[in-house]
Amino acid sequence: GTLVIKEGTMKFIRPALSDFEAVNRSLPPEIWSDLKNEFIEKGRAKIRIKTELYSKGNLVALHEGTYVMLSQPVREHR
2 GTLVIKEGTM
12 KFIRPALSDF
22 EAVNRSLPPE
32 IWSDLKNEFI
42 EKGRAKIRIK
52 TELYSKGNLV
62 ALHEGTYVML
72 SQPVREHR
């Protein structure tokens, strides 16, 4: 399948002056098996993910998005 972002919001807290790391603490491991089962059953699945972004140990942004897994690859727009 292909995982694409359907929608997302980003809240910027402070500038990231160097590389950053994205951390997700909101998803227990069983969520992934539920996502896989839904995908197998319906040919698509949806998941909401909250991510914290850190730069040099400081929280710099929060992202929340809805991701959709599709059975067909997404075509490029030209």
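To convert, take the position in the sequence shown, counting from 1, and add 1; that gives the numbering used here.
The beta carbon of each residue, even a glycine, is placed where N, CA and C say it ideally should be.
No experiment lies behind these values; they were computed from the predicted model shown.
Secondary structure of PHE40, DSSP reduced to three states: helix
contact_flag[the segment 26-37, the segment 10-18] where n(CB pairs < 8 Å) is 3 or more: no
C-beta atoms of THR67 and ARG49 nearer than 8 Å: yes
Neighbour-count burial assignment, LEU54, 16 or more Cβ in a 10 Å radius: buried
Extent of the continuous beta strand (DSSP E) run through LYS51: 45-56
Beta-carbon proximity check, THR3 vs LEU71, cutoff 8 Å: yes
Among PHE13, ASN38, GLU65, nearest to ASN59 - alpha-carbon criterion: PHE13
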